[in-house]
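Enquirer:
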Ligand SMILES: [Zn+2]
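Residue numbers (our numbering): 235 to 616.
Quick look at the structure:
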């Protein structure tokens with residue numbers, strides 16, 4: 235089957251992103267998803283004599299992870315074919331906007347947001363990617379509020395892309411995990427031990443006690459007495475990470491999300507005005523300046539518990555972001571009936587994501603994928 239493999243066997247062992255099991259491409263453990271039943275059906279590459287059809291089937295095939303505890307799970311074959319995959323996990327309690335942020339990032343990438351940097355993206359598995367597009371990206375672009383990610387006992391990545399930059403292709407997988415799942419001990423969150431980057435999502439409505447956010451908190455259903463209380467998922471994740479010299483080596487970004495509610499607050503007003511599709515790799519000086527401003531803003535407003543990742547991770551940048559560009563509202567009345575009530579369900583007038591690619595590019599820089607290395611600030615330098 236070697237002649238069918240896109241770019242040769244990986245040079246170093248690839249581990250299952252969910253359970254950390256070492257993986258080998260065993261032809262006897264390949265499966266295809268049945269489009270009618272969604273069941274995994276064993277597939278023998280030797281059963282397809284036509285080389286082009288076999289290649290196409292291989293690109294759609296899955297490898298069964300040999301570790302079936304606690305659940306049987308599968309990895310797309312292209313995830314194993316391009317060197318060491320990289321994984322990014324989004325961290326934050328339910329309602330902080332993790333899914334909206336990931337969907338907004340995918341939407342921007344889909345619109346060619348990384349093209350001017352010479353970065354090419356395609357899906358690791360077309361079906362999985364289209365499922366996320368249908369479930370999240372397309373819904374968000376239609377102005378709908380996305381439902382909270384369901385808690386699960388076993389964590390698998392939400393979507394994955396093959397990223398080609400400077401002629402090299404790497405798989406990048408994104409974990410969007412329910413906040414409740416991040417508290418689970420043992421196997422459910424084992425993947426955290428192997429994760430390659432962390433995106434800590436700070437909800438401006440929960441982290442800041444600013445009085446002018448009262449109405450936005452009320453609409454979002456955030457209880458006023460919870461504003462300013464630390465996000466327990468941050469601690470749950472940080473306490474689990476391996477340390478070297480007291481610090482975590484995993485590249486980390488802190489995203490102050492929902493910045494649209496702070497769009498008149500300096501210096502956020504300036505950063506939101508500077509939004510635009512990136513034309514080159516982020517300037518390390520700009521990344522440093524933005525990190526300083528986020529750090530100073532959160533510190534000034536007594537939101538220091540959300541800075542814990544910065545204190546405990548060797549490489550950490552900070553970013554002002556709004557995944558949707560506006561707050562959602564309760565859906566308007568339909569056909570002259572009574573207005574709907576309850577949780578907000580719609581972004582009336584559509585969404586306008588702000589600065590959502592900055593955190594991803596910062597992670598790419600910290601991984602060394604881009605030409606310009608990022609000089610992540612340390613506390614003493616801020
Ligand atoms: Zn596994």
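Virtual Cβ for every residue (Gly too), placed ideally from N, Cα, C.
Three-state secondary structure (DSSP) at residue 574?
Expert: Since pLDDT at residue 574 reaches only 48, below the 50 mark, its modelled position is unreliable, and the value read off the structure follows with that caveat. Note: residue 574 maps to coil in three-state DSSP.
Enquirer: Output the distance between the C-alpha atoms of residue 516 and residue 406, rounded to the nearest integer angstrom.
Expert: Straight-line Cα distance between these residues: approximately 19 Å.
Enquirer: Sort 463, 505, 556 by Cα distance to residue 539 and report the nearest one.
Expert: Of the candidates 463, 505, 556, the one whose C-alpha sits nearest the C-alpha of residue 539 is 463.
Enquirer: Going by DSSP in three states, residue 404 sits in which element: helix, strand or coil?
Expert: In the structure shown, residue 404 sits in a strand (DSSP, three-state: E or B).
Enquirer: In whole angstroms, what separates the C-alpha of residue 344 from that of residue 379?
Expert: C-alpha separation (whole angstroms): 20 Å.
Enquirer: By Cβ distance below 8 Å, which residues in the same chain neighbour residue 469 in space, the five residues on each side in sequence not counted?
Expert: Same-chain partners within the cutoff: 542.
Enquirer: Helix, strand or coil for residue 249, going by three-state DSSP, please let me know.
Expert: Reduced to three states, the DSSP call for residue 249 is strand.
Enquirer: Indicate, with yes or no, if ligand 1 has a heavy atom lying under 7 Å from the CB of residue 504.
Expert: Every heavy atom of ligand 1 is 7 Å or more from the Cβ of residue 504, so no.
Enquirer: Smallest Cα separation from residue 435: which of 393, 478, 326?
Expert: Comparing Cα positions, the closest option is 326.
Enquirer: CB of residue 307 to nearest heavy atom of ligand 1: below 7 Å?
Expert: Yes, the Cβ of residue 307 comes within 7 Å of a heavy atom of ligand 1.
Enquirer: Would you mind reading off the limits of the beta strand (DSSP E) that contains residue 283?
Expert: It is not in any beta strand (DSSP E) - residue 283 carries neither H nor E in the DSSP assignment.
Enquirer: Apply the 10 Å Cβ neighbour rule to residue 554 and answer buried if 16 or more other Cβ atoms are within range, or exposed otherwise.
Expert: Result: buried.
Enquirer: Residue 410 bridges to which residues according to DSSP?
Expert: According to DSSP, residue 410 bridges with 324.
Enquirer: Pick out the complete beta strand (DSSP E) segments inside the segment 494-563, 3 residues or longer, and give them in chain order.
Expert: The qualifying runs are 550-554.
Enquirer: Taking 5 Å as the limit, name every residue whose beta carbon sits nearer than that to some heavy atom of ligand 1, in sequence order.
Expert: Spelled out in chain order, the answer is 250, 252, 253, 255, 299, 301.
Enquirer: If you draw a straight line from the alpha carbon of residue 525 to that of residue 508, how long is it in whole angstroms?
Expert: Approximately 15 Å between the Cα atoms of the pair.
Enquirer: Please state whether DSSP places residue 370 in a helix, a strand or coil.
Expert: In the structure shown, residue 370 sits in a helix (DSSP, three-state: H, G or I).
Enquirer: Using 8 Å as the Cβ pair cut-off and three pairs as the minimum, do the segment 286-298 and the segment 372-390 touch?
Expert: Short answer: they don't touch.
Enquirer: Less than 8 Å separating the beta-carbons of residue 590 and residue 370?
Expert: Against a cut-off of 8 Å, the Cβ pair of residue 370 and residue 590 comes out as no contact.
Enquirer: Comparing alpha-carbon positions, which option in 465, 529, 413, 518 lies nearest residue 333?
Expert: Nearest of 465, 529, 413, 518 to residue 333, Cα basis: 413.
Enquirer: May I ask which residues mark the beginning and end of the beta strand (DSSP E) holding residue 488?
Expert: From DSSP, the beta strand (DSSP E) with residue 488 extends over 486-491.
Enquirer: Work out the CA separation of residue 410 and residue 246 for me, nearest whole Å.
Expert: Taking the straight line joining both Cα atoms gives about 26 Å.
Enquirer: Can you list, in chain order, the residues of its chain with a C-beta nearer than 8 Å to that of residue 448? Leave out the 5 residues immediately preceding and following it.
Expert: Result list for residue 448: 458, in chain order.
Enquirer: Tell me residue 254's beta-bridge partners as DSSP assigns them.
Expert: DSSP, once it has assigned bridges, lists no residue as partnering residue 254.
Enquirer: Following the continuous beta strand (DSSP E) through residue 315, name the residue where it begins and the one where it ends.
Expert: Neither: residue 315 is in no beta strand (DSSP E) and is coded neither H nor E.
Enquirer: Note the first and the last residue of the continuous alpha helix (DSSP H) segment covering residue 593.
Expert: Start and end: 591-601.
Enquirer: Looking only at its own chain, which residues have a Cβ that is under 6 Å from the Cβ of residue 321, when we skip the five neighbours before and after it?
Expert: Answer for residue 321: 251, 407, 429, 430, listed in chain order.
Enquirer: Could you check whether residue 460 and residue 440 sit closer than 8 Å to each other, using their CB atoms as the reference points?
Expert: Cβ distance < 8 Å, so residue 440 and residue 460 count as in contact.
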